[in-house]
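**Student:** First the structure, then my questions, so here it is.
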Amino acid sequence: MCGIVGVLGQHEVAPILVEALKRLEYRGYDSAGIATLNDGHLDRRRAVGKLINLSDLLVHDSLPGKSGIGHTRWATHGAPNVTNAHPHRAGPVAVVHNGIIENFREIRAQLAEKGLHFQTETDTETVALLVQSLIEEGKSPRDAAQEAVRQLDGAYALCFLFEGEDDLLIAARQGSPLAIGYGDGEMFVGSDAIALAPMTDRITYLEEGDFAVITRTSVEILDREDRPANREIRTVNIESSQVDKGGHKHFMAKEIAEQPRVIGEAIMHYLSDDGRSVELPGKGIDFTAIDRLSMVACGTAYYACVTAKYWFEQLAGLPCDVDVASEFRYREPPVPARTAALFVSQSGETADTLAALRYCEGKAATILSVVNVPESSIARESDLALPILAGTEIGVASTKAFTCQLTVLLMLALKAASDRGRMDADTLADTLAKLRALPSAFNAAMEDADDIAAAARKLAEARDILFLGRGLMYPLAMEGALKLKEISYIHAEAYASGELKHGPIALIDKHVPVVVMAPRDALFDKTTSNMQEVIARGGRVLLITDKEGKRITHGDAWLTLTMPDIDPLLAPILYALPAQLLAYHTAIAKGTDVDQPRNLAKSVTVE
Ligand code: F6R
Numbered sequence: 031m032c033g034i035v036g037v038l039g040q041h042e043v044a045p046i047l048v049e050a051l052k053r054l055e056y057r058g059y060d061s062a063g064i065a066t067l068n069d070g071h072l073d074r075r076r077a078v079g080k081l082i083n084l085s086d087l088l089v090h091d092s093l094p095g096k097s098g099i100g101h102t103r104w105a106t107h108g109a110p111n112v113t114n115a116h117p118h119r120a121g122p123v124a125v126v127h128n129g130i131i132e133n134f135r136e137i138r139a140q141l142a143e144k145g146l147h148f149q150t151e152t153d154t155e156t157v158a159l160l161v162q163s164l165i166e167e168g169k170s171p172r173d174a175a176q177e178a179v180r181q182l183d184g185a186y187a188l189c190f191l192f193e194g195e196d197d198l199l200i201a202a203r204q205g206s207p208l209a210i211g212y213g214d215g216e217m218f219v220g221s222d223a224i225a226l227a228p229m230t231d232r233i234t235y236l237e238e239g240d241f242a243v244i245t246r247t248s249v250e251i252l253d254r255e256d257r258p259a260n261r262e263i264r265t266v267n268i269e270s271s272q273v274d275k276g277g278h279k280h281f282m283a284k285e286i287a288e289q290p291r292v293i294g295e296a297i298m299h300y301l302s303d304d305g306r307s308v309e310l311p312g313k314g315i316d317f318t319a320i321d322r323l324s325m326v327a328c329g330t331a332y333y334a335c336v337t338a339k340y341w342f343e344q345l346a347g348l349p350c351d352v353d354v355a356s357e358f359r360y361r362e363p364p365v366p367a368r369t370a371a372l373f374v375s376q377s378g379e380t381a382d383t384l385a386a387l388r389y390c391e392g393k394a395a396t397i398l399s400v401v402n403v404p405e406s407s408i409a410r411e412s413d414l415a416l417p418i419l420a421g422t423e424i425g426v427a428s429t430k431a432f433t434c435q436l437t438v439l440l441m442l443a444l445k446a447a448s449d450r451g452r453m454d455a456d457t458l459a460d461t462l463a464k465l466r467a468l469p470s471a472f473n474a475a476m477e478d479a480d481d482i483a484a485a486a487r488k489l490a491e492a493r494d495i496l497f498l499g500r501g502l503m504y505p506l507a508m509e510g511a512l513k514l515k516e517i518s519y520i521h522a523e524a525y526a527s528g529e530l531k532h533g534p535i536a537l538i539d540k541h542v543p544v545v546v547m548a549p550r551d552a553l554f555d556k557t558t559s560n561m562q563e564v565i566a567r568g569g570r571v572l573l574i575t576d577k578e579g580k581r582i583t584h585g586d587a588w589l590t591l592t593m594p595d596i597d598p599l600l601a602p603i604l605y606a607l608p609a610q611l612l613a614y615h616t617a618i619a620k621g622t623d624v625d626q627p628r629n630l631a632k633s634v635t636v637e
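Each residue of the sequence shown is one higher than the one before, starting from 31 at the first, in the numbering used here.
What follows is the structure, given as structure tokens:
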């Protein structure tokens with residue numbers, strides 16, 4: 031979390047820094063700040079809350095200079111106030127940081143013994159003070175930064191600016207992503223390529239342990255052993271316009287609406303020319319050489335994996351484990367040799383998922399990933415990275431990335447089923463033909479968006495909401511509850527429908543609406559029996575089903591939303607739409623900040 035940027039420019043740098051921070055705001059929005067050098071003189075401006083507050087401040091209190099660094103914060107150590115906002119400054123050095131310095135207390139104690147005083151509660155200020163003290167011992171800015179970085183434990187992407195050094199930025203990466211951008215007589219540093227997109231498309235991604243010394247005309251990179259490192263300069267393809275709302279009120283609304291197109295693109299990417307089989311890039315994967323699949327992810331991506339477990343096990347007969355990344359490596363699970371380890375991540379930078387991937391390196395037969403950002407650390411460290419092609423996702427609540435993850439995972443499961451002789455060629459071709467029709471089903475379902483919005487306005491009055499589903503609808507119920515709670519702040523929990531009577535049914539009364547996801551699949555009768563148990567206890571049910579499901583349940587539910595008919599295998603992808611729209615319209619009714627809900631950030635690069 032936190033977004034950082036650095037610029038050695040030819041023009042006034044403050045507006046460039048603010049524009050880059052705008053593109054990084056998805057990483058955190060507790061506070062923002064910039065520091066610049068003007069004729070060698072270091073100064074900074076910082077403001078609490080969203081970037082707009084910093085922009086407003088700069089209107090009245092401008093910050094000249096052609097070199098600078100900037101930061102948008104997701105608070106870890108210390109409250110989100112101006113004092114704790116980055117850049118942190120100590121004497122001649124200013125620094126921005128993404129990550130957590132785990133040994134900051136020890137370093138702080140050593141510096142305190144030397145008589146240095148701390149102004150903030152942050153771990154980052156320790157880095158600035160450490161560099162300052164090393165400069166005061168006679169070291170050059172470069173040597174002081176290098177020595178300081180050597181002493182740090184934990185995760186960091188750092189960018190330093192020094193008083194009197196108009197043509198110098200120092201950057202270091204360990205555990206948090208960092209990229210260097212090449213301009214024409216200008217140089218940039220950013221947490222990702224999106225931040226730098228308006229300035230340059232020529233990017234070098236720093237690797238773990240890298241330390242970079244940057245001037246307007248040169249970049250010197252040293253690896254963790256202090257050896258000169260030759261890192262590739264890639265040309266990345268990120269449209270500056272991708273961060274526009276495209277006429278929608280919110281990024282989330284835009285991203286929901288984009289789903290038919292991006293799902294269609296993901297399908298076509300993996301479909302063979304004759305449309306009858308699934309083709310993977312590069313060497314692909316031979317599922318006959320695999321006995322077990324271990325999937326690891328966080329949040330929404332985790333629910334995509336839980337859904338995929340049903341597909342891999344039912345279609346391909348491939349045993350699957352699914353783990354929440356933050357629990358995975360500390361459990362020290364054995365990874366048998368014929369295991370494929372699969373990591374799912376929109377950002378490709380989630381710290382826990384990346385750490386789980388590294389745990390599996392050298393243990394699993396192959397490391398696969400399903401990612402949205404092809405240049406991300408998770409993609410780069412996989413044997414095979416499968417892009418989901420959702421395009422940039424800005425809304426903090428994941429929508430199109432989830433349905434594209436599901437689409438790619440289903441295609442992977444179909445390939446596994448075919449490789450393992452569990453699905454014949456004609457059945458595979460039929461299933462793929464149905465999958466190709468999915469974008470049209472999405473378009474048809476969107477025509478009923480007004481009904482969903484009306485239902486959401488009723489849900490907005492509740493304090494607690496339960497989501498129920500069985501089989502493939504159970505993980506979707508979990509995703510629906512997550513979506514709702516993260517943007518509407520209504521407490522929502524999901525249960526497997528059959529589990530309700532083992533305890534949670536005690537919660538049911540007329541004040542707790544229950545959302546039941548029930549397409550007419552093999553489990554429909556069982557799910558609707560559980561629904562009747564809720565209704566019998568005075569519970570109000572919002573049933574999401576198809577036309578026949580509505581007919582069979584005779585309007586017993588408090589509200590019914592009707593979805594287009596869909597093959598049960600594909601239902602979790604299509605039924606994600608009403609789950610997303612319910613959350614979106616509930617949040618609108620409650621007046622919350624849909625795209626930037628409180629306490630959250632889009633890219634979670636700390637453990
Ligand atoms: C919820 C949401 C999060 C992410 C999670 C993993 O809407 O977006 O739960 O799914 O933080 O992030 P990635 O997919 O980037 O690894």
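Where is the CB? At the ideal position from N, CA and C, for every residue including glycine.
1) Could you please go through the chain and list the residues whose beta-carbon is closer than 5 Å to any non-hydrogen atom of the ligand F6R?
2) For Ala77, list the residues DSSP reports as bridge partners.
3) Are there 16 or more other CB atoms within 10 angstroms of the CB of Gly392, so buried, or fewer, so exposed?
4) Counting pairs of Cβ atoms below 8 Å between the segment 582–590 and the segment 408–422, do you hit three or more?
5) What are the partner residues of Glu523, as DSSP defines its beta bridges?
6) Quick one: give me the first and last residue of the alpha helix (DSSP H) that Ile517 is part of.
7) Would you be able to state if there are at least three C-beta pairs under 8 Å between the segment 126–133 and the segment 67–86?
8) Could you name the residues of the same chain whose beta carbon sits closer than 8 Å to that of Gln149, not counting the 5 residues immediately before and after it, in chain order?
9) In terms of residue numbering, what span does the alpha helix (DSSP H) encompassing Tyr389 cover?
10) From Cys32 to Ala522, what distance separates their C-alpha atoms?
11) With DSSP run on the structure shown, which of helix, strand or coil describes Gly36?
12) Taking the alpha carbon of Ala601 as the reference point, which residue from Ser527, Gly533, Arg628 and Ala467 has its own alpha carbon closest?
13) Applying the 10 Å Cβ sphere with the 16-neighbour rule, what's the burial state of Pro311?
14) If you measure between the beta carbons of His90 and Arg103, is that distance less than 8 Å?
15) State yes or no: is the C-beta of Leu444 within less than 8 Å of the C-beta of Leu462?
16) Go to Phe373, then tell me how far its beta strand (DSSP E) extends in each direction, as first and last residue.
17) Could you give the residue range of the alpha helix (DSSP H) that holds Ala174?
18) Rounding to the nearest angstrom, what Cα-Cα distance links Ser271 and Tyr56 in this structure?
19) Can you find the residues in the same chain that come closer than 7 Å, C-beta to C-beta, to Leu630, ignoring five residues on each side of it along the sequence?
20) Is Arg306 helix, strand or coil by DSSP?
21) Tell me which residues share the same chain as Arg264 and place their Cβ nearer than 8 Å to its Cβ, disregarding the 5 neighbours each side in the sequence.
22) For Gly528 and Ala331, what's the separation of their Cα atoms in angstroms?
23) Ordered along the chain, which non-local residues of its own chain (more than five positions away) have a Cβ less than 8 Å from that of Ser302?
24) Under a three-way DSSP split, which group does Gly532 fall into?
25) How many Å lie between Gly314 and Arg388 at the Cα?
26) Inspect the CB distances between the segment 61–78 and the segment 164–181 and report whether three or more fall short of 8 Å.
27) Okay, do the segment 237–246 and the segment 56–70 touch, 3+ Cβ pairs below 8 Å being the bar?
28) If the criterion is Cβ atoms closer than 8 Å, does the pair Gln40 and Ile286 meet it?
29) Alpha carbon to alpha carbon, how far is Ala617 from Lys52? Give it in angstroms, no decimals.
30) Less than 8 Å between the CB atoms is what I'm expecting for Val35 and Ala225, so what's the real figure, rounded?
31) Determine the extent of the alpha helix (DSSP H) in which Tyr340 is found, giving its start and end residues.
32) Can you have a look at Met453 and say buried or exposed, based on whether 16 or more other CB atoms are within 10 angstroms of its CB?
33) Here's the rule I'm using: 16 or more other beta-carbon atoms within 10 Å means buried, otherwise exposed. How should Asn260 be labelled?
34) Whole angstroms is fine: what's the gap from Phe554's alpha carbon to Ala548's?
**Tutor:** Taking the coordinates as given:
1) Cys328, Gly329, Thr330, Ala331, Ser375, Gln376, Ser377, Thr380, Ala427, Ser428 and Val634
2) In the sequence shown, residue 77 corresponds to position 47, counting from 1. In DSSP, Ala77 forms a bridge with Ala62.
3) Working through the sequence shown from its first residue, we reach residue 392 at position 362. Exposed, because fewer than 16 other Cβ atoms sit within 10 Å of the Cβ of Gly392.
4) no
5) Taking the sequence shown and counting its residues from 1, the one referred to as residue 523 is at position 493. Leu496.
6) One-based indexing of the sequence shown puts residue 517 at position 487. Taken as a continuous stretch (DSSP letters only), the alpha helix (DSSP H) holding Ile517 covers Met503 to Ser518.
7) no
8) For this step, residue 149 is matched to residue 119 along the sequence shown. Here the set comprises Thr113 and Glu155.
9) Looking up residue 389 in the sequence shown gives position 359. Segment Ala381 to Cys390, the alpha helix (DSSP H) holding Tyr389.
10) Working through the sequence shown from its first residue, we reach residue 32 at position 2. Working through the sequence shown from its first residue, we reach residue 522 at position 492. C-alpha separation (whole angstroms): 27 Å.
11) On the sequence shown, residue 36 is found 6 positions in, with the first residue counted as 1. Note: Gly36 maps to strand in three-state DSSP.
12) Here residue 601 refers to the residue found at position 571 of the sequence shown. Of Ser527, Gly533, Arg628 and Ala467, the residue nearest in Cα terms is Ala467.
13) Here the question's residue 311 lines up with position 281 in the sequence shown. Answer is exposed; the Cβ neighbour count stays below 16.
14) Here residue 90 is taken as the residue at index 60 of the sequence shown, counted from 1. Here residue 103 is taken as the residue at index 73 of the sequence shown, counted from 1. The answer is no: Cβ separation not under 8 Å.
15) Numbered from its first residue, the sequence shown carries residue 444 at position 414. Numbered from its first residue, the sequence shown carries residue 462 at position 432. Result yes, Cβ atoms of Leu444 and Leu462 sit closer than 8 Å.
16) Walking along the sequence shown from the start, residue 373 turns up at place 343. Segment Thr369 to Ser375, the beta strand (DSSP E) holding Phe373.
17) Residue mapping note: residue 174 aligns to position 144 of the sequence shown, counting from 1. That run of the alpha helix (DSSP H) goes Pro171 to Arg180.
18) Locating residue 271 in the sequence shown gives position 241, where the first residue counts as 1. Locating residue 56 in the sequence shown gives position 26, where the first residue counts as 1. Unreliable placement is indicated for Ser271, whose pLDDT of 48 sits below 50; the coordinate value is still reported in the next sentence. Going by the C-alpha atoms only, they are around 16 Å apart.
19) For the purposes of this step, residue 630 is identified with residue 600 of the sequence shown, where counting begins at 1. Closer than 7 Å at the Cβ level, and outside the excluded window around Leu630, lie Val426 and Glu516.
20) Along the sequence shown, read from residue 1 onward, the residue named residue 306 stands at position 276. Correct three-state label for Arg306: coil.
21) Here the question's residue 264 lines up with position 234 in the sequence shown. Arg232, Ile233, Thr234, Tyr235 and Glu405.
22) Counted from its first residue, the sequence shown places residue 528 at position 498. Counted from its first residue, the sequence shown places residue 331 at position 301. Cα to Cα, the separation comes out at about 24 Å.
23) Looking up residue 302 in the sequence shown gives position 272. Excluding positions up to five away in sequence, the list reads Val308 and Glu309.
24) By one-based count along the sequence shown, residue 532 stands at place 502. The residue you asked about is not Gly; residue 532 is His in the sequence shown. Note: His532 maps to helix in three-state DSSP.
25) As a position in the sequence shown, residue 314 is number 284, starting the count at 1. As a position in the sequence shown, residue 388 is number 358, starting the count at 1. Roughly 20 Å between the two C-alpha positions.
26) no
27) no
28) Numbered from 1 along the sequence shown, position 10 holds the residue referred to as residue 40. Numbered from 1 along the sequence shown, position 256 holds the residue referred to as residue 286. No, they are not a contact pair.
29) One-based indexing of the sequence shown puts residue 52 at position 22. One-based indexing of the sequence shown puts residue 617 at position 587. The straight-line gap from Cα to Cα measures roughly 23 Å.
30) Counting from 1 along the sequence shown, the entry for residue 35 is found at position 5. Counting from 1 along the sequence shown, the entry for residue 225 is found at position 195. With 8 Å as the limit, Val35 and Ala225 qualify as a contact, their Cβ atoms being about 6 Å apart.
31) What you label residue 340 is simply residue 310 of the sequence shown in a count that begins at 1. Counting along the chain, the alpha helix (DSSP H) containing Tyr340 begins and ends at Gly329 to Ala346.
32) For this step, residue 453 is matched to residue 423 along the sequence shown. Looking at its Cβ environment, which holds 16 or more other Cβ atoms inside 10 Å, Met453 is buried.
33) Here residue 260 corresponds to residue number 230 of the sequence shown, with the count starting at 1. Burial call: exposed.
34) Position 524 of the sequence shown, counting from 1, holds the residue named residue 554. Position 518 of the sequence shown, counting from 1, holds the residue named residue 548. Cα to Cα, Phe554 sits roughly 6 Å from Ala548.
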